[in-house]
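Novice: Protein chains in written order, with this note's numbering: chain A, -2 to 371; chain B, 26 to 534. Here a beta-carbon is modelled for each residue, glycine too, at the ideal position from N, C-alpha and C. Okay, here's the structure, questions in a sec.
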Amino acid sequence: MRDLRRWLRPGHLGTEAELATFRTLHSASRSAPELREGLTTESAERAVRHLRDLLGVPAVALTDTVTMLAWDGRFAHHERDTAALAANVLESGGTVVRDRKDFSCTHAGCGLRQVVISPLVVEDRVVGTLQAFTSSASAGLVRAATEVARWVSGNLELAELDASRTRLMEAEVRALRAQISPHFIYNSLTAIASFVRTDPERARELLLEFADFTRYSFSRHGEYTTLAEELRSIERYLVLEKARFGDRLQVTLRVAQEVLPVAVPFLCLQPLVENAVRHGLERKPGTGRVTIIAADQAGECLITVEDDGVGEDPEKVRRALAGDASDDSVGLGNVDARLRTAFGDDYGLVVETGPGAGTRVLVRVPKFAHGVHP
Amino acid sequence: MTAAGYSVLGVTAVFVATLAVGAYGWRFSRTTSDFFVASRTVRPGLNASAIGGEYLSAASFLGVAGLVLAFGTEMLWYPVGWTAGYLVLLVLVAAPLRRSGAYTLPDFAESRLESRGVRRLSALLVVAIGWLYLMPQFQGAGIALAATTGTGPWLGGVLVATVVLVNVLFGGMRSITFVQAFQYWLKLTALLFPLLFMVGIWLGDGGISPASVDVGDAGPAGDSWVSPLAGTDHELYTTYSIIIATFLGTMGLPHVVVRFYTNPDGAAARRTTLFVLALLGVFYLLPPVYGGLGRLYAPDLVASGRTESLVLELPARMLAGTLGDLLSALTTAGAFAAFLSTSSGLTVAVAGVISQDVLGRRFGGVRAFQAGAVVAVLVPLGLALAAEGVGVAQAVGLAFAFAASTFCPLLVLGIWWRRLTDVGAIAGMVVGGGCAGGAVIATLLGVAPVGWPGALLGQPAAWTVPLAFLVMVGVSLATPRRLPPHAARTMVRLHTPEAVQLDRGTPPR
Chain A
-2 MRDLRRWLRP
8 GHLGTEAELA
18 TFRTLHSASR
28 SAPELREGLT
38 TESAERAVRH
48 LRDLLGVPAV
58 ALTDTVTMLA
68 WDGRFAHHER
78 DTAALAANVL
88 ESGGTVVRDR
98 KDFSCTHAGC
108 GLRQVVISPL
118 VVEDRVVGTL
128 QAFTSSASAG
138 LVRAATEVAR
148 WVSGNLELAE
158 LDASRTRLME
168 AEVRALRAQI
178 SPHFIYNSLT
188 AIASFVRTDP
198 ERARELLLEF
208 ADFTRYSFSR
218 HGEYTTLAEE
228 LRSIERYLVL
238 EKARFGDRLQ
248 VTLRVAQEVL
258 PVAVPFLCLQ
268 PLVENAVRHG
278 LERKPGTGRV
288 TIIAADQAGE
298 CLITVEDDGV
308 GEDPEKVRRA
318 LAGDASDDSV
328 GLGNVDARLR
338 TAFGDDYGLV
348 VETGPGAGTR
358 VLVRVPKFAH
368 GVHP
Chain B
26 MTAAGYSVLG
36 VTAVFVATLA
46 VGAYGWRFSR
56 TTSDFFVASR
66 TVRPGLNASA
76 IGGEYLSAAS
86 FLGVAGLVLA
96 FGTEMLWYPV
106 GWTAGYLVLL
116 VLVAAPLRRS
126 GAYTLPDFAE
136 SRLESRGVRR
146 LSALLVVAIG
156 WLYLMPQFQG
166 AGIALAATTG
176 TGPWLGGVLV
186 ATVVLVNVLF
196 GGMRSITFVQ
206 AFQYWLKLTA
216 LLFPLLFMVG
226 IWLGDGGISP
236 ASVDVGDAGP
246 AGDSWVSPLA
256 GTDHELYTTY
266 SIIIATFLGT
276 MGLPHVVVRF
286 YTNPDGAAAR
296 RTTLFVLALL
306 GVFYLLPPVY
316 GGLGRLYAPD
326 LVASGRTESL
336 VLELPARMLA
346 GTLGDLLSAL
356 TTAGAFAAFL
366 STSSGLTVAV
376 AGVISQDVLG
386 RRFGGVRAFQ
396 AGAVVAVLVP
406 LGLALAAEGV
416 GVAQAVGLAF
426 AFAASTFCPL
436 LVLGIWWRRL
446 TDVGAIAGMV
456 VGGGCAGGAV
466 IATLLGVAPV
476 GWPGALLGQP
486 AAWTVPLAFL
496 VMVGVSLATP
506 RRLPPHAART
516 MVRLHTPEAV
526 QLDRGTPPR
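If you want it as structure tokens, here you go:
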């Protein structure tokens, strides 16, 4: 009952000052997601309205270093002045105030007499300006414009961060593509050479496999491919490894045909199989078995890559998944990150391993994800 | 051994075989190989057999034979429509649907219209259609078991539901292509083999025309039996309504669409559909022959209202002794194989949608799927036990009418019309689904009036489908601002053959 009375009391939502703060924060939060896309005409047009709400002036403009991006408010005939005004802060790098001397006006009744120009700075570089037009610029407005410009700059820096993260991911895929290890090339060619005289036909087949394998890995490919394509490349890889290891390498492939059209990130299984062969064979004597299973589970596909090799310290795998590239687990963190980017955080890699216990890597892929097409 | 004994034996064998395949299904589901075969995709012929195996429901072929026996040739529109539905699918939907990458209908709705709202509504409709289509399967199973062994009319449905549920809960989380393909050939054999004997006997008896005999007061006389549009009231409207529902409803069946995902590309999807047309065309020749022979050798079924058990009883009536009993047991076993395969396919499809779109992330993947499967089976089983008065073929027809009034406009306009908006799609599906659903409920409850209103409610497709199209187009035109942002890019992807090199682009997420 007391709660109810407190709710009904006037002003329970806060004092006038608090309400003003809430309104300010609301306007700020509305423009933040727009600015996170970076400084473009579209993002500026969507954000500028909220910025004018924040500043409470008749007109606000956003520019980059050479042209105007967006205008909001009255007296739009001053749009043409914004580019010239922007040049004022490019050298100084600080907030300046200009008046009618710098932007002439012949319109009767135009209320814009002064403009506060604040630079937008990303990584110590001026990338644009925020211009607040008003009838007379108070000290408070100058300070507010400076703070808003700084806040916008902060969001643009975050946008820059997002963009560079995407670029990094793309670079990693390119690196992965180029990362067919020199050892693998050397070992494959040596194995093929050993057949040239004893079994020329087999040597020829292996060379063709080698050519096809490298063509797929180096191909200018989109972000996604089908599981069938990915498995075909893995089969070629295994044929070449089998030529080298002979009967020491035992391979089992169990693939449900129903999941072959599933879209997966390009080269997302290759690193896992490569790891399995290395762990399963290279560091232990005798035969090693690599098992690759792709199973159909209603709306999902479950892919398992398993070896019975020396295993791995789980802590080391955790570090590799967290992005520590110093480890020799080729591309594990990269594959994990790309699966999460494509399908969401529910679809990360699961690695089951222990020293001497072999390794099993589980990949779950949904049959459909919005925006993922081979 | 008695006739009932053979039938029980046959049905038990089918149940055991189904459970065994479910338990050891991985042997069929996975291509075990050393090299170079594992990545070979499913061939169109095999995939088409699998679609046929899942699609040919016993409710449909038992129902059609009974309807032809009772009402004559105009009932041939049912098998014609169920087959021709794939022609519409082939021409308008198959390849673009495959190229969209969608696994279920909600997936397609989301990828085309970029809206979670349309996705949720589609998920609800998939569940509704699944339930509506499962109900006659369970009903039919009850009728079949009662006809051959004399048990209560509910036992067959409960048995089929139990086997399906056990199968799906313990590892059957997939509809295995090879097993489903085998089902088609099993059904074809189970119907064709007895028919060869029976046609031989009919020819031996002089090959009398089924139209030349009279079955008394219960059914139409010979002349009206063979001539179309000579039966009940509003014949022309009802016929067109059946045609629209069956031609356009096939594409909205959840277990059919899921199968198209297995095709590697759009061209393979088209080839698969072509094979399906051939396979269904052959199969649906058989039930009408049963209907015609039934008029000569089992006319009393019309009077007693048990026309749906015609396929199961006819062999034993025409062939004396053990051979007849064995052949009857064969058709019964084939019918139960069909009940199981169709119900399994539907249950997997419906459970998948329930677990993904309704239960969400509250449960884990497998748990959610199992919970979804329980819901997917129990609700229609309850409906089947409650609504005993509705004919099996009629219930199947209502499921088609409902699918045609909701997903047909979504698919056809979504694929062929750029200006479809999410609001338009929702409005069209709500109006079409609401009207068709209302008609279905009125029919199931048995409150449908006589005369024109009765005809409009009993066969709603002829007015609900155009209405849904109109609403979808009208509302889309009225809301041009709701156009999906990447509509043009989506359309390019839907309609460009995969062999064409072009930048299909990945829309930003």
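The stretch 423 to 446 of chain B: which residues have C-beta closer than 9 Å to a C-beta of chain A, in chain order?
Specialist: none
Novice: Between B:Leu436 and B:Met276, how many whole angstroms is the CB-CB distance? I'm expecting something under 8 Å.
Specialist: The C-beta distance from B:Leu436 to B:Met276 rounds to 6 Å, short enough to fall under 8 Å.
Novice: Using only CA atoms, which one of B:Leu310, B:Val118, B:Arg145 lies nearest to B:Leu520?
Specialist: The sequence shown places His at residue 520 of chain B, not Leu. Relative to the Cα of B:His520, the nearest Cα in the group B:Leu310, B:Val118, B:Arg145 belongs to B:Val118.
Novice: Establish whether the CB of B:Ala396 and some CB of chain A are separated by less than 8 Å.
Specialist: no
Novice: Spatial neighbours of B:Ala109 within its chain, please: C-beta separation below 6 Å, excluding the five flanking residues on both sides.
Specialist: Phe272
Novice: At a Cβ cut of 8 Å, what residues of the stretch 120 to 141 of chain B count as close to chain A, listed as they run along the chain?
Specialist: Gly126, Ala127, Tyr128, Thr129, Asp132, Glu135, Ser136, Glu139
Novice: Does any CB atom of chain B fall closer than 8 Å to the CB of A:Gly355?
Specialist: no
Novice: Which complete beta strand (DSSP E) runs does the stretch 26 to 88 of chain A hold, if anything under 3 residues is left out?
Specialist: 56 to 61, 65 to 70
Novice: Would B:Val116 be called buried (16 or more neighbouring beta carbons within 10 Å of its own) or exposed?
Specialist: exposed
Novice: Can you tell me which of B:Leu184, B:Thr332, B:Val189, B:Val282 puts its alpha carbon nearest to the alpha carbon of B:Leu87?
Specialist: Of the candidates B:Leu184, B:Thr332, B:Val189, B:Val282, the one whose C-alpha sits nearest the C-alpha of B:Leu87 is B:Thr332.
Novice: What are the residues of the stretch 252 to 267 of chain A that lie near chain B, defined by any Cβ-Cβ distance shorter than 8 Å?
Specialist: Answer in chain order: Val252, Ala253, Gln254, Glu255, Leu257, Pro258, Ala260.
Novice: From the beta carbon of A:Ala295, is the nearest beta carbon of chain B less than 8 Å away?
Specialist: yes
Novice: Would you tell me roughly how many angstroms separate the C-alpha atoms of B:Trp227 and B:Ile233, rounded to the nearest one?
Specialist: 8 Å
Novice: Checking 8 Å against the spacing of the C-beta atoms, do B:Phe285 and B:Ala292 come in under that value?
Specialist: By the CB criterion at 8 Å, B:Phe285 and B:Ala292 fall outside the cutoff.
Novice: Can you tell me whether DSSP reads B:Asp382 as helix, strand or coil?
Specialist: helix
Novice: Among B:Leu352, B:Gly407, B:Leu470, which one has its Cα closest to the Cα of B:Ser32?
Specialist: B:Leu352
Novice: State the start and end residues of the unbroken alpha helix (DSSP H) segment that holds A:Asp99.
Specialist: Where A:Asp99 is concerned, there is no enclosing alpha helix (DSSP H), because DSSP gives it neither an H nor an E.
Novice: Output, in chain order, the set of chain A residues within a Cβ distance shorter than 9 Å of B:Pro289.
Specialist: The contacting residues are Thr223, Ala225, Leu257, Pro258.
Novice: Would you say the stretch 305 to 321 of chain B touches the stretch 136 to 144 of chain B, given that touching needs at least three Cβ pairs under 8 Å?
Specialist: no
Novice: Rounded to whole angstroms, what is the Cα-Cα separation between A:Leu52 and A:Glu154?
Specialist: 21 Å
Novice: Where does B:Tyr286 sit, in a helix, a strand or coil, going by DSSP?
Specialist: coil
Novice: Please report how far the alpha carbon of B:Ala341 lies from the alpha carbon of B:Ala358, in whole angstroms.
Specialist: 14 Å
Novice: Does any C-beta atom of chain A lie closer than 8 Å to the C-beta of B:Thr43?
Specialist: no
Novice: Name the DSSP beta bridge partners of A:Ile114, please?
Specialist: Paired residue(s): A:Val93, A:Gln128.
Novice: Give me the Cα-Cα distance between B:Ala401 and B:Thr372, rounded to the nearest whole angstrom.
Specialist: 6 Å
Novice: Thinking C-beta only, is A:Asp293 closer than 8 Å to A:Pro352?
Specialist: no
Novice: List the residues of chain A whose Cβ lies closer than 7 Å to the Cβ of B:Tyr286, in chain order.
Specialist: Pro258, Lys364
Novice: Along the chain, where does the alpha helix (DSSP H) containing B:Glu79 start, and where does it finish?
Specialist: 69 to 80
Novice: Comparing the C-beta of B:Thr202 with each C-beta of chain A, is any distance below 8 Å?
Specialist: yes
Novice: Excluding the 5 residues preceding and the 5 following B:Ala206 in the sequence, name in chain order all residues of the same chain whose CB lies nearer than 7 Å to its CB.
Specialist: Leu71, Ser74, Ala75, Gly78
Novice: Measure how close the beta-carbons of A:Ala348 and A:Cys298 come, nearest whole angstrom, since I'm counting them as under 8 Å.
Specialist: Here residue 348 of chain A is Val; the residue named in the question, Ala, does not match the sequence. Not really, about 18 Å apart at Cβ, beyond 8 Å.
Novice: Which residue marks the beginning of the beta strand (DSSP E) containing A:Thr350, and which one marks its end?
Specialist: 347 to 350
Novice: Is there at least one Cβ from chain A nearer than 8 Å to B:Val39's Cβ?
Specialist: no
Novice: Go through its chain and collect everything with a Cβ distance to B:Val417's Cβ below 6 Å, but skip five positions before and after it.
Specialist: Ala84, Gly88, Pro161, Gln164, Gly165, Glu333
Novice: Which residues mark the beginning and the end of the beta strand (DSSP E) in which A:Ile189 is found?
Specialist: A:Ile189 -> not in any beta strand (DSSP E); alpha helix (DSSP H) instead, spanning 179 to 195.
Novice: Compare the C-beta of B:Arg506 against all C-beta atoms of chain A and say whether one is closer than 8 Å.
Specialist: no
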